[in-house]
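S.K.: The structure that follows is given in the form of structure tokens.
Residue numbers (the UniProt record's numbering): 1 to 429.
Here you go:
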């Protein structure tokens, strides 16, 4: 046993026991496992290799800020009933534990890091001397051990007057201040969700506001330490630096364009035009001849679905060619909510292709009206439960009436002679 441990000190006691049982059948029953584990632990204490030592750090006010991303899948948050896959960008000032967090849907990227970091610095009102990260692919090219900042990240640090450092590769605990804050913040969010009674939010804005309130409550507890640290932070520059990357994309005849491997949709009036696309951490802004012509949430490359399409961009075209809906290559991405997809399945099964396509296009047209999408989805869910198909005419009467009843207002115009009473009366100056 000692020879095996000397050759491979990380061998587990159970592995050694299984080896002994194979080499000496019947001599080492499973009941000897605990005894063997104690002896292996004793050998490691007496003769084993040295272990890694963790050194507690004392942080000075204004000396260090730390950034990292943390996955939020374990909290099972949903938006309008659909699972919401996302991360949090998380920034912490090491001394005061003041923190900032924002949702990131597009994965770890320089744009997400730049946007989150700049938001945090401007909210804090100053910059620490040093900004430390894990070995983020967004900030560092993970190809060499030397400190090879990417050009964009180096320019970002220079703009704010901060020095950049990172953990040794694979040593996440060296970012301990933010790693422990990850855990505590996620626990706080989880507890707040439990108090709330459910984990579903009407939209992304409601979820963002919920997170902001959780972070603000945590920051209030560290208010005294932050006020001390705030005095030591470096002054902010006059303005933010760019937190986007500019690319070009042509809008195809399908009313789509591709940026960084993700398919987006655009208004059909832009078909054939080449757009300048500014890629931010959370959105795309599209410019034509210097004018902003389209904005869209940034899509995620997670999983196999690399499409970020808005059904509203296809409504007019589908109204002219409704039967194109059935075989549309990206048909499933056009359903804004699960209720619409399930309704299509019922329409397809119970109606002719022509009628089913006309019905679903009509429903999507209704959904595109302001404030109707969620309400109509609830109505469709109720119909599905009852096993009934929607009545498009009745739904149009309810959600998009053609005639609006205007109130009758009777205006009485006084006779001109009544103004004669004002003549001869003195008016106070």
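All C-beta atoms, glycine included, are put in the ideal place defined by N, C-alpha and C.
Keep in mind it's a predicted model, so treat the numbers as computed, not measured.
If residue 236 sits next to residue 126, beta carbons under 8 Å apart, how far is it from one beta carbon to the other, in whole angstroms?
M.R.: Residue 236 sits at position 236 when you count from the first residue of the chain shown. Residue 126 sits at position 126 when you count from the first residue of the chain shown. At roughly 6 Å, the Cβ-Cβ gap stays under 8 Å, so residue 236 and residue 126 are in contact.
S.K.: Does the count of Cβ pairs from the stretch 342–361 and the stretch 378–393 closer than 8 Å reach three?
M.R.: yes
S.K.: Check this for me: beta carbons of residue 284 and residue 301, under 8 Å apart or not?
M.R.: As a working note, residue 284 is residue 284 in the chain shown. As a working note, residue 301 is residue 301 in the chain shown. It is not a contact, given that the beta carbons lie outside the stated cut-off.
S.K.: Which of the three DSSP states, helix, strand or coil, is assigned to residue 182?
M.R.: Sequence index remark: in the chain shown, residue 182 carries index 182 (1-based). Three-state result, residue 182: helix.
S.K.: Which residues share a DSSP beta bridge with residue 65?
M.R.: Position 65 of the chain shown, counting from 1, holds the residue named residue 65. 93, 131, per the DSSP bridge assignment.
S.K.: Pick out whichever of 185, 21, 160 has its Cα sitting closest to the Cα of residue 99.
M.R.: Working through the chain shown from its first residue, we reach residue 99 at position 99. Of 185, 21, 160, the residue nearest in Cα terms is 185.
S.K.: By how many angstroms is the C-alpha of residue 335 removed from the C-alpha of residue 380?
M.R.: Taking the chain shown and counting its residues from 1, the one referred to as residue 380 is at position 380. Taking the chain shown and counting its residues from 1, the one referred to as residue 335 is at position 335. Distance between the alpha carbons of residue 380 and residue 335 is about 13 Å.
S.K.: Report all residues from its chain with a CB closer than 8 Å to the CB of residue 348; omit the five preceding and five following residues, and keep chain order.
M.R.: The residue labelled residue 348 in the question sits at position 348 within the chain shown. Cβ within range, chain order: 326, 356.
S.K.: Residue 308 and residue 264 look like a contact to me (Cβ under 8 Å); what is the Cβ gap, rounded to whole Å?
M.R.: Stepping through the chain shown from its first residue, residue 308 is reached at position 308. Stepping through the chain shown from its first residue, residue 264 is reached at position 264. Going by Cβ atoms, the distance from residue 308 to residue 264 rounds to 5 Å, so yes, they are a contact pair.
S.K.: May I have the straight-line CA-CA distance separating residue 231 from residue 15, to the nearest angstrom?
M.R.: For this step, residue 231 is matched to residue 231 along the chain shown. For this step, residue 15 is matched to residue 15 along the chain shown. The straight-line gap from Cα to Cα measures roughly 56 Å.
S.K.: Leaving out the 5 sequence neighbours to the left and right, which residues in its chain are closer than 8 Å to residue 415 when beta-carbon positions are compared?
M.R.: As a first step, residue 415 is located in the chain shown; it is residue number 415 there, counting from the start. Correct list: empty, nothing qualifies.
S.K.: Determine the DSSP secondary structure at residue 410, reduced to helix, strand or coil.
M.R.: Within the chain shown, residue 410 is the residue found at index 410, counting from 1. DSSP places residue 410 in coil when its eight states are reduced to three.
S.K.: Residue 41: beta carbon under 7 Å from a heavy atom of the ligand COA?
M.R.: Here there are no bound small molecules, and the ligand COA is not part of this structure.
S.K.: To the nearest angstrom, how far is the alpha carbon of residue 104 from that of residue 19?
M.R.: For this step, residue 104 is matched to residue 104 along the chain shown. For this step, residue 19 is matched to residue 19 along the chain shown. If you take the alpha carbons of residue 104 and residue 19, they lie about 48 Å apart.
S.K.: So for residue 31, helix, strand or coil by DSSP?
M.R.: The sequence position of residue 31 within the chain shown is 31, counting from 1. Three-state DSSP puts residue 31 in a helix.
S.K.: So, for residue 330: in the same chain, excluding its five sequence neighbours on each side, which residues have a beta-carbon less than 7 Å away from its beta-carbon?
M.R.: In the chain shown, residue 330 corresponds to position 330, counting from 1. Apart from sequence neighbours up to five positions away, the residues of its chain that approach residue 330 with a beta-carbon distance below 7 Å are 307, 309, ordered along the chain.
S.K.: Bridge partners of residue 201, per DSSP?
M.R.: In the chain shown, counting from the first residue as 1, residue 201 sits at position 201. Residue 201 is bridged to 79.
S.K.: Is residue 218 closer than 8 Å to residue 166 when the C-beta atoms are compared?
M.R.: As a first step, residue 166 is located in the chain shown; it is residue number 166 there, counting from the start. As a first step, residue 218 is located in the chain shown; it is residue number 218 there, counting from the start. The answer is no: Cβ separation not under 8 Å.
S.K.: Counting only the same chain and skipping the five closest in sequence on each side, list residues whose C-beta sits under 8 Å from that of residue 9.
M.R.: Taking the chain shown and counting its residues from 1, one reaches residue 9 at position 9. 44, 48, 49.
S.K.: Under 6 Å Cβ to Cβ from residue 21, same chain only, skipping five residues before and after it: list those, please.
M.R.: Within the chain shown, the letter at position 21 stands for residue 21. Around residue 21: 28.
S.K.: Thinking just about the alpha-carbon of each residue, which of 210, 156, 182, 115 is nearest to the one in residue 93?
M.R.: Residue mapping note: residue 93 aligns to position 93 of the chain shown, counting from 1. Between residue 93 and the set 210, 156, 182, 115, the nearest pair of CA atoms involves 182.
S.K.: Looking at residue 211 and residue 101, is the spacing between their C-beta atoms short of 8 Å?
M.R.: The residue labelled residue 101 in the question sits at position 101 within the chain shown. The residue labelled residue 211 in the question sits at position 211 within the chain shown. Contact: yes.
S.K.: Can you name, in chain order, every residue of its own chain whose Cβ lies under 8 Å from the Cβ of residue 106, other than the five neighbours on each side?
M.R.: By 1-based counting over the chain shown, the position of residue 106 is 106. 112, 281, 282, 298, 299, 300, 301, listed in sequence order.
S.K.: Does the count of Cβ pairs from the stretch 237–252 and the stretch 66–77 closer than 8 Å reach three?
M.R.: no
S.K.: So, helix, strand or coil for residue 271, using DSSP?
M.R.: Against the chain shown, residue 271 aligns to sequence position 271. Three-state result, residue 271: coil.
S.K.: Could you spell out the range, first to last residue, of the alpha helix (DSSP H) harbouring residue 355?
M.R.: By one-based count along the chain shown, residue 355 stands at place 355. Its alpha helix (DSSP H) spans residues 353–367.
S.K.: Let me know the secondary structure DSSP gives residue 146 once reduced to three states.
M.R.: What you label residue 146 is simply residue 146 of the chain shown in a count that begins at 1. In this prediction, residue 146 scores a pLDDT of 42, lower than 50, which makes its location untrustworthy; no coordinate-derived value is stated.
S.K.: Using the Cα positions of residue 83 and residue 407, report the straight-line distance between them to the nearest angstrom.
M.R.: The residue labelled residue 83 in the question sits at position 83 within the chain shown. The residue labelled residue 407 in the question sits at position 407 within the chain shown. Whole-angstrom Cα-Cα distance: 45 Å.
S.K.: Between the beta-carbon of residue 372 and the beta-carbon of residue 364, is there less than 8 Å?
M.R.: One-based indexing of the chain shown puts residue 372 at position 372. One-based indexing of the chain shown puts residue 364 at position 364. It is not a contact, given that the beta carbons lie outside the stated cut-off.
S.K.: Out of 294, 164, 17, point me to the one whose CA is closest to residue 117's CA.
M.R.: Translated into the one-based positions of the chain shown, residue 117 becomes position 117. Nearest C-alpha to residue 117: 164.
S.K.: Residue 318 and residue 361 - do their beta-carbons sit closer together than 8 Å?
M.R.: Residue 361 sits at position 361 when you count from the first residue of the chain shown. Residue 318 sits at position 318 when you count from the first residue of the chain shown. Closer than 8 Å, so yes.
S.K.: With 16 other CB atoms within 10 Å as the buried threshold, where does residue 444 fall?
M.R.: The shown model of the chain, from 1 to 429, leaves out residue 444, and the question about it has no answer.
S.K.: Between which two residues does the alpha helix (DSSP H) containing residue 386 stretch?
M.R.: Locating residue 386 in the chain shown gives position 386, where the first residue counts as 1. Unbroken alpha helix (DSSP H) run through residue 386: 373–386.
S.K.: Does DSSP classify residue 175 as helix, strand or coil?
M.R.: The sequence position of residue 175 within the chain shown is 175, counting from 1. For residue 175, the pLDDT reaches just 46, beneath the cut-off of 50, and the residue's location in the model is therefore unreliable, leaving the point undetermined.
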